[in-house]
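Engineer: Residue numbers (the numbering used here), protein chains in the order written: chain X, 1 to 774; chain A, 775 to 1548. There's a structure below that I have some questions on.
Number of protein chains: 2
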Amino acid sequence: MAGKIGLNITQICLPRECTEDEIIEEVLKLNEDPRVHGVYLHLPPASLTSRVLNTLRPEKDVDGVSDLNVGRLVRGDMSQGFTPPLANAVMELLARHGEQSPIQNHGREMSGVGPLTAALRMRNVVQSSSRWAQGQQYRPWTLRSLKLQPLSPVPSDIEISRAQTPKPVDQLAQEIGLLQEETEAYGRTKAKVRLSLLDRLREQPDGKYVLVAGITPTPLGEGKSTVVIGLVQALSAHLKLNSFACLRQPSQGPTFGVKGGAAGGGYAQVIPMEEFNLHLTGDIHAITAANNLVAAAIDARMLHEATQTDKALYSRLVPSVNGVRRFSPIQIARLCRLGISEIDPRALTPQEVSSFVRLDLDPAKVTWQRVVDTNDRFLRKITVGQASTEKGHVRETQFDIAVASEIMAILALADGLGDMKTRLGRMVVGSSRSGQPITAEDLGVSGALAVLMKDAIKPTLMQTLEGSPVFVHAGPFANIAHGNSSVLADKLALKLVGEDGFVVTEAGFGADIGMEKFFNIKCRASGLRPNVVVLVATVRALKMHGGGPNVSAGSPLPREYIDENLSLVTKGCSSNLRKQIQIAHLFGVPVVVALNVFKTDTQAEIDLVCQMAKESGAADAVPCHHWARGGRGSVDLAQAVKQASSQPSHFQFLYSQETPIVEKIRMIAQKVYGADDIELSPEAQAKIDYYNQQGYGKLPICMAKTHLSLSHLPEKKGTPTGFTLPIRDIRASIGAGFIYPLVGTMSTMPGLPTRPCFYDIDLDPVTEEITGLF
Amino acid sequence: MAGKIGLNITQICLPRECTEDEIIEEVLKLNEDPRVHGVYLHLPPASLTSRVLNTLRPEKDVDGVSDLNVGRLVRGDMSQGFTPPLANAVMELLARHGEQSPIQNHGREMSGVGPLTAALRMRNVVQSSSRWAQGQQYRPWTLRSLKLQPLSPVPSDIEISRAQTPKPVDQLAQEIGLLQEETEAYGRTKAKVRLSLLDRLREQPDGKYVLVAGITPTPLGEGKSTVVIGLVQALSAHLKLNSFACLRQPSQGPTFGVKGGAAGGGYAQVIPMEEFNLHLTGDIHAITAANNLVAAAIDARMLHEATQTDKALYSRLVPSVNGVRRFSPIQIARLCRLGISEIDPRALTPQEVSSFVRLDLDPAKVTWQRVVDTNDRFLRKITVGQASTEKGHVRETQFDIAVASEIMAILALADGLGDMKTRLGRMVVGSSRSGQPITAEDLGVSGALAVLMKDAIKPTLMQTLEGSPVFVHAGPFANIAHGNSSVLADKLALKLVGEDGFVVTEAGFGADIGMEKFFNIKCRASGLRPNVVVLVATVRALKMHGGGPNVSAGSPLPREYIDENLSLVTKGCSSNLRKQIQIAHLFGVPVVVALNVFKTDTQAEIDLVCQMAKESGAADAVPCHHWARGGRGSVDLAQAVKQASSQPSHFQFLYSQETPIVEKIRMIAQKVYGADDIELSPEAQAKIDYYNQQGYGKLPICMAKTHLSLSHLPEKKGTPTGFTLPIRDIRASIGAGFIYPLVGTMSTMPGLPTRPCFYDIDLDPVTEEITGLF
């Protein structure tokens, strides 16, 4: 990723006997080589065939041969581009070079280079250089919006998505200033964006950084993703401001279970929604492959250690290849951690050999689980190793859903390939019988993990229904991990939108969880500072917090949620909404409340929420109608966000990383959740002692708490008080870089209901149209 | 996939108040719409801005506006393209249309359409039509080869791969006559090819169809894939014949275990080899997701049926949505199979409801397994459902490696999206307590499977080290499945190479298994007929068959394999090689023996093999040096294949599908393997009775036998005789469409050794270069 400064002009000067094909092959290599900024074609005239000339990319054409070929340059352009002062400068330069001029040295095969030709060449060098230099700079956007004509009643998500033709993704990429070599298309509507962009635009100031969080939701969800998409549609298609949405990639499992897709909804969607919801560019599949390679390595290693002597293990781990025994780099890293400086395999003492070959993993202390991107409840607890080939080494373990993998959290927090590789290597998979943490690097697998993840680290570019750019990247769990999209997608987007642009990113769950982790974990990792928090509320959730009856998926909504009820709304606003605004203010960031309007909401209810939100300290509060009307329905929100982003933000962390683990947990519990105090189980206390001893005490905290209440009790709505937060256990994701206290039991594997979504999902084999996704 | 004949010319005629953006949006939609072959722009002159004019694709430009815009058409082309007879014809046509002319009807906003303009328009209609018609036809190749300069000693595979710059895949696609809309790039070096190609080129005669099979191999493998790649490099880069390699996608698991990659080797490789060996375009990941969705559906369904009444199940499976209960199409398919014609959910009798809602799967008779693309031996036998949420419904089951999934076999045999969907739906996952087969469609999951597999069905285009095209598609197991690359890749390639071109495809294992299945299963499914079989042999394997000592992975080769030993070679040729040639002749196809030369082979050994092969009936036999020298080292083989392909081929199946199951198995055992007879276990006999009863008797047979011997005993080399083939058990892949008798135990999950390949695999985070893949 190191920056390359300067200009690299290469000459092609092949022997006379080269065939046309061989020349073209050379040209194509140079066309593709990003290190070469321009090419001279110094060839015998007979070799300068039109095929050769047409092969060289115009932007690399220093000689202007492709222009000369069609005769335009000589006849038309001399009077305009090639001014007398420039011509003089070029002549002077040429004269100064004298015999040393590369043009004269290598031009011997040509028919004679007169001053005009030489000058033309120099002009082309200058043009080529300035083209290159411009290429390194920021390019203003020329975003073309897609027209939206919302229908009423609003059709199904897949129908809306299918009715809109997305721009070709290479066109979108060009519109937002990406260079051709910075994207890798995956089909016509998705492209991965290379991280080299960060290097090219490193001097470019970032845009405004907007976080979308929510109040404590009902189990049905309150539409944060649609708010993100609607807001970006409004900012880009209606206010004509550069803006980018950064979304999490959804797990594919729930798409076929109960939840359905996650590409937004109604007229605020990422399109094509089926591409968004299925496979995408394979990142989650790569995570699954990497995660399960670690798991296979763990069990196989325990078996091999249990059935082999030190000597046998050593002769296999460090085999003689053509008579030479050598440690691999990954093995040398393990030797270093063991304090063994010897790198000649023959020179290790038997004790050193033993400590090198035996990870001595305690089967009862393996914390690494297998994963699968399917809602498969029967894998929640399993016994493995029951075939006779595994010689009785059975073990109880479990599968989690793929997005619960620590590798997903790493993908979301890494700020480059090197950082990702380091984090993958330091992942702790369990501990030895003597209590030492065992890492992925100890297993020898960390290089392979980086290889498996090399493409997953590039964010995927897609677009909204109105043609605004979207990055989809990473989707870690919001309880056992931090629940935010990736640091890298946000960073790339902030450079691309430019100083006056907006990047809107999303945090999972309610603000007490997703936003708190966004600030304390993600912003700490990235160094980025948010300008505005958009807090999403719904009348439905506010009524629930105000004392409305239970809301649950699959049951019809009680009357209170359909009819106007200002009293419930008032109580909801003065409890949960007010508290969540206060939480954002703890971090010093202005808040705009976005009321996601449902068709059953009355004007009086809407007005009441907006008024009370502002009374509670929100910089502004506006209703949004993006679901029914697209970006046009979120223009007020966009204006409010733009206004709030010009206010000063005084961002601060809730705690310093130097604060002891227990104190960090207590601060979150008291200041964010409103608990009186915390209560540690003996297991939790023992783990804290262990983590402190291992040097993990400075890691930030990632609370694994229900999102359905500010407290640990899902049924406590509003602003619960007078409770003590129980810390049942504590775990650590050392690679991702956080410690996660468990408050209650977290399910890491969803199940399938009696009638999963898949009953309605179908594909027409003739039209290739998908039905039933939502 | 139905063909579209005729020309669809669309007009854009928008209201005056349309903005430029709105017009461009319309144009872009029509640009992208494959159903529209040409576009008229009937717009007010003020709207015909250069942005609008430049947006319309030239090939869709019926008005020639983009030409008019740059002024070339009027000034330059009239005298050439627009002959007086054509002008007259156009005038006549216009006159006949009179007031009904669409041009006059919609041209009211324009400044007046004179005869010249009208004529120009018509000329452009004609041009546009003929462009379209040409687009539907075969396009001759203009393949550019990549120059290869082999080094000695031969560097590592990854070094060779990295040293060559592949052509951009869109360029390769264009060179071999693919239209832009027929490819979907996945990065710069891989592209999926759409099946619509088959429709466009349906009238185009197929090229020659060459199968590469092998003699019975040593456990080290004899290099069939490198022969395929070397042969295609020779045919295309050296003989300048259109040719295509069709390869199987390797499982990713073994890449990190013992085997390493499968992109060929030395100077006969698919590049970039790391892309070939990792993720590729996600097909195996899609198979994993689809396979495991079925598995999750099975266990969840058994749990739901076990814990709910008929009524509860019915009300959940056919819920009331806004007061209406309705069966989904997948449920109606199940009703049909049950013989229930009623489609009003309220009208079913209680008995009908019960038989509809209860699959009544017998847990002991579930045959569907979960899969993972990782070598994870601890998943060979597991117990699932041990969490308390699964209420004691534990069950023993297993994971297989992903490529062992029946869905992989279906991908390889399907001849279109519709066929794949049908096969996915009819997959049998187990049987009910009353012995009825239960299908994926009964589970309601078949539509979702087709959706998950919609992109996997498109073959992936890559290239060899010398720039020849390669399809990588599907990679079913060669024992429990048929071990061949996909029917669709072969079909696409046969159309693309054209009548005089060559498609070289590969069968797994030795010819007794892979080739027999290629003929009896794959050719039966595809209707394709092979022209030549290339039979790969090595001196090493021949010596083994001649009585040489044991060869095993990880141990040094005994001296017999390094020193010249004509006696062992002779015995090997007269046993295994001769027999495998005879097997190919059973099917009426000429054989060319390709001796894959190793550096320890002597000239006398090489000559001996070639001589004896020809004596055994091979049309030709030649040594190949592709590993060390690339295509140039396989030119002799290419010439021999070209020669043999001009011989008549009298292809015939070994058995008719009407032959009873037992007889089919016996014919394979006796005629192909050389067994005296077969011996059925009682389980096998019972299964045959069951399959006959279920109507599966006409399916072809897919033997699951060791590949290390013609017999069932891996240690029996050469041409074993005097043995009886034991059929231990019989299983069926009803979706894929074959019955597979088990001869011995087949491992469907590899393990990791003490020091897996991953110890050496690494990624440089700065250069992004991968090391350690081979």
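Just so it is clear, CB atoms sit at the ideal spot from N, CA and C, and this is done for glycine as well. Computed from a predicted structure; not experimentally measured.
I'd like to know if the region 978-986 of chain A and the region 1269-1280 of chain A are in contact, where contact means that at least 3 CB-CB pairs between them fall below 8 Å.
Structural biologist: In short, these stretches touch, since the Cβ pair count reaches three.
Engineer: Taking the CB atoms as reference points, tell me whether A987(A) and V1308(A) lie closer together than 9 Å.
Structural biologist: Taking 9 Å as the Cβ cut-off, A987(A) and V1308(A) qualify as a contacting pair.
Engineer: Once you ignore the five residues that flank G1433(A) on each side, which residues in its own chain have a CB closer than 8 Å to its CB?
Structural biologist: Rather than Gly, the amino acid found at residue 1433(A) in this sequence is Thr. Here the set comprises M1441.
Engineer: Rounded to whole angstroms, what's the CA-CA distance from C1398(A) to A1412(A)? Just pull it up for me.
Structural biologist: Rounded to whole angstroms, C1398(A) to A1412(A) spans 10 Å at the Cα level.
Engineer: Just reading off the beta strand (DSSP E) that M427(X) is part of, what are its end residues?
Structural biologist: That residue, M427(X), is in no beta strand (DSSP E); it is neither H nor E in DSSP.
Engineer: Which of helix, strand or coil does DSSP assign to M1477(A)?
Structural biologist: Three-state DSSP puts M1477(A) in coil, outside helix and strand.
Engineer: Step through the CB atoms of chain A and report whether any lies within less than 9 Å of the CB of Y561(X).
Structural biologist: No, Y561(X) does not count as interfacial toward chain A.
Engineer: Residues of chain B with CB closer than 7 Å to the CB of D21(X), please, in chain order.
Structural biologist: In the displayed structure, chain B is absent; the protein chains listed are X and A.
Engineer: For a contact meaning CB atoms closer than 8 Å, what does V1158(A) contact in chain X?
Structural biologist: Chain X residues near V1158(A): F378, L379 and I382.
Engineer: Taking the alpha-carbon positions, what's the K762(A) to W1142(A) distance?
Structural biologist: Coverage of chain A is limited to positions 775 through 1548, which leaves residue 762(A) absent and any answer about it impossible.
Engineer: Which residues in the same chain as E516(X) place their Cβ atom closer than 6 Å to its Cβ, once the five residues preceding and following it in sequence are excluded?
Structural biologist: These residues qualify, in order along the chain: V672.
Engineer: Let me confirm a value: I770(X) is counted as buried when at least 16 other C-beta atoms fall within 10 Å, else exposed. Which label applies?
Structural biologist: With 16 or more Cβ atoms within 10 Å of its Cβ, I770(X) is classed as buried.
Engineer: Can you give me the Cβ contacts of Y759(X) inside the same chain, cut-off strictly under 6 Å, excluding the 5 residues immediately before and after it?
Structural biologist: Within the same chain, Y759(X) has no close Cβ partners at all.
Engineer: Apply the 10 Å Cβ neighbour rule to R1314(A) and answer buried if 16 or more other Cβ atoms are within range, or exposed otherwise.
Structural biologist: When all chains shown are included, R1314(A) counts as buried.
Engineer: Within 9 Å (strictly less), CB to CB, does P153(X) reach chain A?
Structural biologist: Taking Cβ atoms only, chain A never reaches closer than 9 Å to P153(X), which makes this a no.
Engineer: What residues in its chain sit with their C-beta under 7 Å from that of K921(A), if we drop five residues either side in the sequence?
Structural biologist: Counting only Cβ-Cβ distances below 7 Å, and skipping sequence neighbours, we find nothing.
Engineer: Check this for me: beta carbons of L1187(A) and V967(A), under 9 Å apart or not?
Structural biologist: No. Outside cutoff.
Engineer: Within 10 Å of its beta-carbon, does N1051(A) have 16 or more other beta-carbons around it, so buried, or fewer, so exposed?
Structural biologist: Buried: at least 16 other Cβ atoms inside 10 Å.
Engineer: Helix, strand or coil: how does DSSP classify V1131(A) here?
Structural biologist: Helix, per DSSP.
Engineer: How far does the alpha helix (DSSP H) with D563(X) in it extend, from its first residue to its last?
Structural biologist: From DSSP, D563(X) is part of no alpha helix (DSSP H); its letter is neither H nor E.
Engineer: With a threshold of 16 other CB atoms inside 10 Å of the CB of D299(X), please say whether the residue is buried or exposed.
Structural biologist: Under this definition D299(X) is a buried residue.
Engineer: Using beta carbons (cut-off 9 Å, strictly below), is K421(X) in contact with chain A?
Structural biologist: Yes, contact with chain A.
Engineer: One question on the structure: do N1294(A) and I1475(A) come within less than 9 Å of each other, judged by their Cβ atoms?
Structural biologist: For N1294(A) and I1475(A), yes; Cβs fall inside 9 Å.
Engineer: Does the distance from the C-beta atom of S935(A) to that of I1003(A) stay below 9 Å?
Structural biologist: No, Cβ-Cβ distance for S935(A) and I1003(A) is not below 9 Å.
Engineer: Check whether the Cβ atoms of G447(X) and I1535(A) lie closer than 9 Å to each other.
Structural biologist: Contact: yes.
Engineer: Taking F1548(A) and D1147(A) to be in contact with their CB atoms under 8 Å, please state how far apart those CB atoms are, rounded to whole angstroms.
Structural biologist: Their Cβ separation, rounded to whole angstroms, is 19 Å, which puts F1548(A) and D1147(A) out of contact at 8 Å.
Engineer: Could you give the first and the last residue of the continuous beta strand (DSSP E) run that contains K190(X)?
Structural biologist: Start and end: K190 to V193.
Engineer: Assess contact between the region 239-255 of chain X and the region 456-473 of chain X, defined as three or more Cβ pairs (one per stretch) separated by less than 8 Å. Is contact present?
Structural biologist: At 8 Å Cβ cutoff, the stretches touch.
Engineer: Given that S1128(A) touches chain X, what residues does it touch there, using C-beta distances under 9 Å?
Structural biologist: Going along chain X, no residue has its Cβ under 9 Å from S1128(A), so there is no contact; the nearest lies around 15 Å.
Engineer: Roughly how many whole angstroms lie between the Cα atoms of G737(X) and L465(X)?
Structural biologist: Their backbone Cα atoms lie some 36 Å apart in a straight line.
Engineer: List, from N- to C-terminal side, the beta strand (DSSP E) runs of 3 residues or more that fit wholly inside the region 515-543 of chain X.
Structural biologist: Taking only runs of at least 3 residues, the beta strand (DSSP E) segments lying wholly in the region 515-543 of chain X are 532-537.
Engineer: Give the range of the alpha helix (DSSP H) segment to which K311(X) is assigned.
Structural biologist: Taken as a continuous stretch (DSSP letters only), the alpha helix (DSSP H) holding K311(X) covers D310 to L317.
Engineer: Buried or exposed for P940(A), please, with buried defined as at least 16 other CB atoms from any protein chain shown within 10 angstroms of its CB.
Structural biologist: Buried, since its Cβ has 16 or more Cβ neighbours within 10 Å.
Engineer: I need the DSSP call for R1440(A), collapsed to helix, strand or coil.
Structural biologist: DSSP places R1440(A) in helix when its eight states are reduced to three.
Engineer: Comparing the C-beta of E956(A) with each C-beta of chain X, is any distance below 9 Å?
Structural biologist: Not closer than 9 Å to any Cβ of chain X, the Cβ of E956(A) fails to qualify, so no.
Engineer: Short of 6 Å in beta carbon distance, which residues of its chain neighbour H707(X), apart from the five on each side in sequence? Order them along the chain.
Structural biologist: So the list reads F509, G510 and I513, once near-sequence residues are dropped.
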